[in-house]
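All remarks here apply to the structure that follows.
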């Protein structure tokens, strides 16, 4: 029964997809935002057992998809926006969301990280505990230099 529950949970999270790797263009240094927009890069490392892209939503509209590993570049209207992440699976349930205030003409970097403790997850903009895996996961806002060093090895979804 426990195995069936794990299989169902992975399917809901998008882990049953067959298209796993980011196959798009490699990351290149960003250009400056235009027309008063903000740019946000959302990226994540390779995560064992996960093989669906993660849809990035801004105010409940999908704007990009992040592979494992990979990144998505999203232009965002300035102001407080709801950012959500939904596995691109048969059952699309947003598994984590947060509100963030984006300033015009600014670039933001958010990395999905695994935390070994609840205390470590407190640096995240938003985090949650995964009962199946027994650890915390969350989105962390990074400074540009740290983000660029991590992004240089990643690709866009398609």
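In my numbering, the protein residues as written are 28 to 185.
Ideal Cβ placement from N, Cα and C applies to all residues, glycine included.
All values reported here derive from a predicted model rather than from experimental measurement.
Tell whether a beta-carbon distance below 7 angstroms holds between residue i and residue j.
| i | j | result |
| --- | --- | --- |
| residue 135 | residue 152 | no |
| residue 177 | residue 54 | no |
| residue 109 | residue 101 | no |
| residue 84 | residue 184 | no |
| residue 142 | residue 163 | yes |
| residue 129 | residue 65 | yes |
| residue 115 | residue 79 | yes |
Just curious, the alpha helix (DSSP H) that residue i is in, first and last residue?
| i | result |
| --- | --- |
| residue 171 | 171 to 178 |
Out of the options, which has the shortest C-alpha to C-alpha gap to residue i?
| i | options | result |
| --- | --- | --- |
| residue 61 | 154, 170, 103, 140 | 103 |
| residue 182 | 58, 86, 92 | 92 |
| residue 117 | 81, 73, 86, 59 | 81 |
Cα separation between residue i and residue j?
| i | j | result |
| --- | --- | --- |
| residue 63 | residue 107 | 15 angstroms |
| residue 37 | residue 172 | Low local confidence applies: a pLDDT of 42 at residue 37 is under 50, so the model's placement there is unreliable, with the coordinate-based value given in what follows. Distance between the alpha carbons of residue 37 and residue 172 is about 34 angstroms. |
| residue 231 | residue 69 | Residue 231 cannot be examined here, being either before or after the span of the chain that is shown, 28 to 185. |
| residue 32 | residue 56 | Reliability of the predicted coordinates at residue 32 is poor, the pLDDT of 39 falling under 50, and the value obtained from them is presented with this limitation in mind. Roughly 42 angstroms separates the two Cα atoms. |
| residue 165 | residue 139 | 5 angstroms |
| residue 170 | residue 150 | 13 angstroms |
| residue 71 | residue 132 | 24 angstroms |
| residue 168 | residue 137 | 5 angstroms |
| residue 95 | residue 174 | 16 angstroms |
| residue 51 | residue 105 | 27 angstroms |
| residue 47 | residue 99 | The predicted model places residue 47 with a pLDDT of 49, which falls under 50 and marks its position as unreliable, so this point remains unresolved. |
| residue 67 | residue 58 | 12 angstroms |
| residue 123 | residue 73 | 18 angstroms |
| residue 87 | residue 144 | 30 angstroms |
If you follow the beta strand (DSSP E) that residue i is in, where does it begin and where does it stop?
| i | result |
| --- | --- |
| residue 165 | 162 to 168 |
| residue 103 | 97 to 103 |
| residue 124 | 123 to 129 |
| residue 140 | 134 to 142 |
Consider the C-beta atom of residue i and the heavy atoms of the ligand GDP; say whether any pair is separated by less than 6 angstroms.
| i | result |
| --- | --- |
| residue 70 | You won't find the ligand GDP in this model; it holds no ligand whatsoever. |
By DSSP's criteria, residue i is part of a beta bridge. Which residues make up the other side?
| i | result |
| --- | --- |
| residue 72 | Its beta-bridge partners do not exist; DSSP assigns none. |
| residue 182 | 53 |
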